[in-house]
Amino acid sequence: MLNILLIILVFGVLIFIHEFGHFITARLCGVSVKEFAVGMGPTVFSWHSKKYGTKYGLRLLPIGGFVSMVGEDEESEDENAFCNKSIWKRMLIVSAGPSMNLLLGFVLMTVLVFSQGTLASTTIAQFEPDSISQQQLQVGDEILKVDGTRVHTGNELVYEIMNQGYEPIDLQIRRNGEVLTLEDVSFPTMEDSGASFGDYDFLLYAEETNLPNLLKHAFFRSVSTVKMVLDSLIGLLSGRFGMEAVSGPVGVTKVVGDAARVGFMNFLYIVTVLTINLGVFNLIPFPALDGGRFLFLIIEGIRRKPINRNVEAYINFVGIVILFAFMIFVTIKDIFHLFS
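Per numbering that gives the first Met the number 0, residue 0 is the first one in the sequence shown, and the count goes up by one each step.
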């Protein structure tokens, strides 16, 4: 029960931040907002602002939220309607929700980095016993790129080896002041959820803990987390990761609960990944998501006229059906996994 309450609180905050991004940007762009709600289904609590004419509500099911704007899904003569604003203002409003989740992720990641105490560089300090990569790497090598991907921090380096090092990879390094490319460097591998991953087999020097380095690590660790989410989606679509690697609300509830029991920093890291995941996922150009609406606005800008609202509504409806069907399937999978 505690896990369920915790995940409701976490998702409630993340959804509020997301919808508040849409809401405040709409207000700043002069769009009239009819309703701002957190949750879906029957209304538990609501309050109506006489000044702005906006209804604020908390709904029963903690699975989403919405901002309903005048002229969002219908034609309107109101100059403050969403449909009558310029394309760039509508783009700002649509992208503001995911952007707020990504911004929150960066803020939380900054807190994590400032709290961890040590900052790993990309320079090798020593190798573990029986290291495989020691056949080509040396102590003092500064790793610059992993299979063409630039790495700036130890965290990025470890992630890229994990993501790409399940097979031999090329590394660009700086050795004694000279930039070299090492081909087909091998690392140990491990298996998880039916997929193979690389495993680094060395220790890294620490960087000085000062403000510029802390901000650098916070930024690039946030960027690496965004890349991790995108890589996971690409891996799922390409078949590298199976459905067992996908978690729905039930699986996420267990992960968040386990992280909270381990410690606050572990819990905060999971929340950070969740908010970045929510931001990235909503930017995917898929119907019913913010990214899908953003794509429609791009098409409108190219055509210089809006897409037929009935066509757009039908496409978004199909998108919602697919997303809900997928969510139900993953939830059932998570439940069977809990009792298996």
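In this text, a Cβ means the ideal position worked out from N, Cα and C, and glycines have one as well.
{"query": "Supposed contact pair N100 and I275 - C-beta distance, whole angstroms, cut 8 Å", "result": "7 Å"}
{"query": "Touch test, the stretch 128-138 against the stretch 299-319, Cβ-Cβ under 8 Å, three pairs minimum", "result": "no"}
{"query": "Reduced DSSP category for P61 - H, G, I as helix; E, B as strand; rest coil", "result": "strand"}
{"query": "D230, enclosing alpha helix (DSSP H) - first and last residue", "result": "L210 to S237"}
{"query": "Q115 - containing alpha helix (DSSP H), residue span", "result": "I86 to Q115"}
{"query": "Environment of T152 [buried if 16+ CB atoms lie within 10 Å]", "result": "buried"}
{"query": "Where the alpha helix (DSSP H) through D77 begins and ends", "result": "Counting along the chain, D77 falls outside any alpha helix (DSSP H), and DSSP gives it neither H nor E."}
{"query": "Neighbourhood of T122 by C-beta, 6 Å cutoff - its chain only, sequence neighbours within 5 removed", "result": "E141 and Y204"}
{"query": "Nearest-angstrom Cα separation, counted from T148 out to Q171", "result": "9 Å"}
{"query": "Assumed close pair D200, S130 - CB separation to whole angstroms, cut-off 8 Å", "result": "4 Å"}
{"query": "Where Y51 falls, given that 16 or more other Cβ within 10 Å makes a residue buried", "result": "exposed"}
{"query": "Helix, strand or coil at Y165 according to DSSP, with G and I counted as helix", "result": "coil"}
{"query": "Nearest candidate by alpha-carbon position, reference M161, set T188, E76 and G176", "result": "T188"}
{"query": "Sequence ranges, alpha helix (DSSP H) only - wholly within the stretch 286-315, length at least 4", "result": "289-302"}
{"query": "First and last residue of the uninterrupted beta strand (DSSP E) at T188", "result": "T188 to D191"}
{"query": "As assigned by DSSP and simplified to three states, the class of Y55", "result": "strand"}
{"query": "Boundaries of the beta strand (DSSP E) in which V32 is found, first to last residue", "result": "V32 to H47"}
{"query": "Simplified DSSP state of I142, which is helix, strand or coil", "result": "strand"}
{"query": "Paired residues, beta bridge with F196 - DSSP", "result": "M189"}
{"query": "Inter-residue Cα distance where the pair is E299 and I306", "result": "6 Å"}
{"query": "Residues bridged to A124 [DSSP beta-bridge criterion]", "result": "Per DSSP, none; premise fails for A124."}
{"query": "Extent of the continuous alpha helix (DSSP H) run through V272", "result": "F263 to N281"}
{"query": "L232 and A287 closer than 8 Å at C-beta", "result": "no"}
{"query": "For D72, the first and last residue of its enclosing beta strand (DSSP E)", "result": "Unbroken run through D72: none, as it is neither H nor E."}
{"query": "Assigned secondary structure, D24 (DSSP; H/G/I helix, E/B strand, else coil)", "result": "With the sequence shown as reference, residue 24 is identified as Thr, and Asp is not the correct amino acid for it. T24 falls in the helix class under three-state DSSP."}
{"query": "When V310, Y313 and P284 are compared against V93, the one with the closest alpha-carbon", "result": "P284"}
{"query": "Rounded distance between the beta-carbons of S221 and G64, thought under 8 Å", "result": "Their Cβ separation, rounded to whole angstroms, is 24 Å, which puts G64 and S221 out of contact at 8 Å."}
{"query": "Cβ-based burial, Q125 [other Cβ within 10 Å; buried from 16]", "result": "exposed"}
{"query": "First and last residue of the uninterrupted beta strand (DSSP E) at D129", "result": "No beta strand (DSSP E) contains D129, which DSSP labels as neither H nor E."}
{"query": "Which of helix, strand or coil DSSP assigns to V178", "result": "strand"}
{"query": "For Y165 and E190, the rounded distance between their alpha carbons", "result": "9 Å"}
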